Amino acid sequence: MPEGHAIHRHARRQRDLLAGRRLRVTSPQGRFAAGAARLDGRRLQTVDARGKHLLYRWEDAEALHVHLGLFGKFTVHRNDPPPPTEGTRLAMSADGVTVYLAGPTICELLDPDAEDALLARLGPDPLVHGRDSGPFAASLSRRRIPIGAALLDQKVVSGIGNVYRAELLFLCGIHPARPANGLRDEEIVALWDRAVTELRAGARSGRIVTVVPAEVGARYRSEIPKGRRLYVYHRTAEPCRRCGMPVAVTEMANRSIWYCPGCQPD
DNA sequence: GGGTGATGCTGAG
DNA sequence: TCAGCCTCACCCC
């Protein structure tokens, strides 16, 4: 159930465990049998993340492209792995480590042209592009759609999902219905900067925690209990943690988005 | 034990 | 715009 921070974590972990090694690659489920056969026995060079996409680079083979979608899941086993489940699309293993992948939206091989096309349709990734908000600003300036919809559009910015879009807009005091191309320069910079900060924190900890610890009576983000880690996401009608006004919910880009009418004026 | 929604996206119409 | 795909935690009985 991943937004970009989790995908970057997977990339880093699997790079640490598997890069530079020759891997046994199979598809227990069979749906990726031909691709797995093509990769089996090859050396994995590295694993890159871009937005919510993973790209595995191999010696003498096309890139493996994985997108987890809503349900995809990796499980990593050291030493004795359990047998793969019926739904295991991909198994990659080397001595002492096995990675299973189940339920992905995408698991395919990409030739260089297809990979270029994929990367070309992804907007800047806060975990790749760093503090420069320029590409994000340029991307927003061309869109009249609401900022709440723009943040979920992976062509505009890649790696943000439904939790981060609501939380980032709250943190920046921006109403989700405001037109993307109507934001002030300083709001765009603040939004991008927040995205970089929050996704980095999420990638470090593996959790999405956006609240300022003191606001919920904690000293560190890591000690905030489940249920108090977010300001607005999934908190319909509950009081805003800052102003007490009931959190509102609406539909945007086919998904629910939560916001505080008090802290995020129209 | 069944039903449902969910941190996502694509492609048909 | 909407159905479809994939899995599982959580809710309610």
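Residue numbers (this note's numbering): 173 to 438. Yeah, the Cβ is synthetic: ideal placement off N, Cα and C, and Gly gets one too. Everything numeric in this text was worked out from a predicted model, so none of it was measured.
Are the beta-carbon atoms of residue i and residue j separated by less than 8 Å?
{"i": "glutamate 410", "j": "proline 397", "result": "no"}
{"i": "asparagine 353", "j": "leucine 312", "result": "yes"}
{"i": "serine 330", "j": "proline 296", "result": "yes"}
{"i": "arginine 366", "j": "cysteine 344", "result": "yes"}
{"i": "glycine 176", "j": "glycine 223", "result": "yes"}
{"i": "valine 219", "j": "proline 298", "result": "no"}
{"i": "proline 348", "j": "leucine 341", "result": "yes"}
{"i": "proline 318", "j": "proline 256", "result": "no"}
{"i": "arginine 316", "j": "alanine 266", "result": "no"}
{"i": "arginine 407", "j": "cysteine 435", "result": "no"}
{"i": "valine 404", "j": "alanine 321", "result": "no"}
{"i": "arginine 181", "j": "glycine 378", "result": "yes"}
{"i": "isoleucine 346", "j": "leucine 363", "result": "yes"}
Does the Cβ of residue i have 16 or more other Cβ atoms within 10 Å, making it buried, or fewer, making it exposed?
{"i": "asparagine 251", "result": "exposed"}
{"i": "arginine 314", "result": "exposed"}
{"i": "tyrosine 336", "result": "buried"}
{"i": "serine 281", "result": "The sequence given here has leucine at residue 281, not serine. Burial call: buried."}
{"i": "serine 305", "result": "buried"}
{"i": "threonine 382", "result": "buried"}
{"i": "glutamate 423", "result": "exposed"}
{"i": "glutamate 370", "result": "buried"}
{"i": "leucine 170", "result": "In the structure as shown, the chain starts at 173 and stops at 438, and residue 170 therefore has no counterpart that could be examined."}
{"i": "arginine 427", "result": "exposed"}
{"i": "tyrosine 392", "result": "exposed"}
{"i": "proline 254", "result": "exposed"}
{"i": "glycine 374", "result": "buried"}
{"i": "proline 441", "result": "As displayed, the chain neither begins before 173 nor continues past 438, which places residue 441 out of reach and without an answer."}
{"i": "glycine 244", "result": "buried"}
{"i": "proline 174", "result": "buried"}
{"i": "alanine 289", "result": "exposed"}
{"i": "alanine 221", "result": "buried"}
{"i": "alanine 386", "result": "exposed"}
Find the nearest neighbour of residue i within the set the options, judged by alpha-carbon distance.
{"i": "valine 197", "options": "Arg187, Ala191, Gln186, Arg210", "result": "Arg210"}
{"i": "glycine 416", "options": "Pro433, Asn426, Arg427", "result": "Pro433"}
{"i": "leucine 236", "options": "Val368, Trp364, Arg215", "result": "Arg215"}
{"i": "alanine 310", "options": "Ala338, Leu355, Tyr228", "result": "Leu355"}
{"i": "arginine 184", "options": "Leu195, Pro200, Gln201, Leu227", "result": "Leu227"}
{"i": "leucine 262", "options": "Val238, Gly192, Pro307, Leu242", "result": "Val238"}
{"i": "lysine 327", "options": "Pro284, Ala292, Asp283, Arg193", "result": "Ala292"}
{"i": "alanine 425", "options": "Asp325, Val384, Pro385", "result": "Asp325"}
{"i": "valine 271", "options": "Arg401, Ser377, Arg379, Leu190", "result": "Leu190"}
{"i": "glutamate 234", "options": "Gln186, Pro437, Ala286", "result": "Ala286"}
{"i": "glutamate 395", "options": "Val404, Tyr405, Tyr403, Val384", "result": "Val384"}
{"i": "valine 388", "options": "Ala274, Arg401, Gly378, Arg376", "result": "Arg401"}
{"i": "methionine 264", "options": "Val421, Arg181, Arg187", "result": "Arg187"}
{"i": "leucine 294", "options": "Pro351, Thr247, Cys412, Ile332", "result": "Ile332"}
{"i": "glutamate 231", "options": "Leu195, His225, His249", "result": "Leu195"}
{"i": "glycine 241", "options": "Phe308, Ile179, Arg407", "result": "Ile179"}
{"i": "glycine 268", "options": "Cys412, His249, His301", "result": "His249"}
{"i": "arginine 229", "options": "Asp283, Ile278, Thr247", "result": "Asp283"}
{"i": "cysteine 279", "options": "Asn334, His225, Phe308", "result": "His225"}
- Message: Three Cβ pairs or more, each shorter than 8 Å: is that satisfied between the region 350-366 and the region 198-207?
- Response: no
- Ranges of the beta strand (DSSP E) found wholly within the region 198-253, counting only runs of at least 3: 216-222, 225-230, 233-239, 245-250
- Write down every uninterrupted run of the alpha helix (DSSP H) in the region 343-383 whose length is 4 residues or greater and which is fully enclosed by it, in chain order. 357-377
- Query: What beta strand (DSSP E) runs, 3 residues minimum, are completely inside the region 270-347?
  - Reply: As far as the region 270-347 is concerned, its whole beta strand (DSSP E) runs of at least 3 residues are 278-282.
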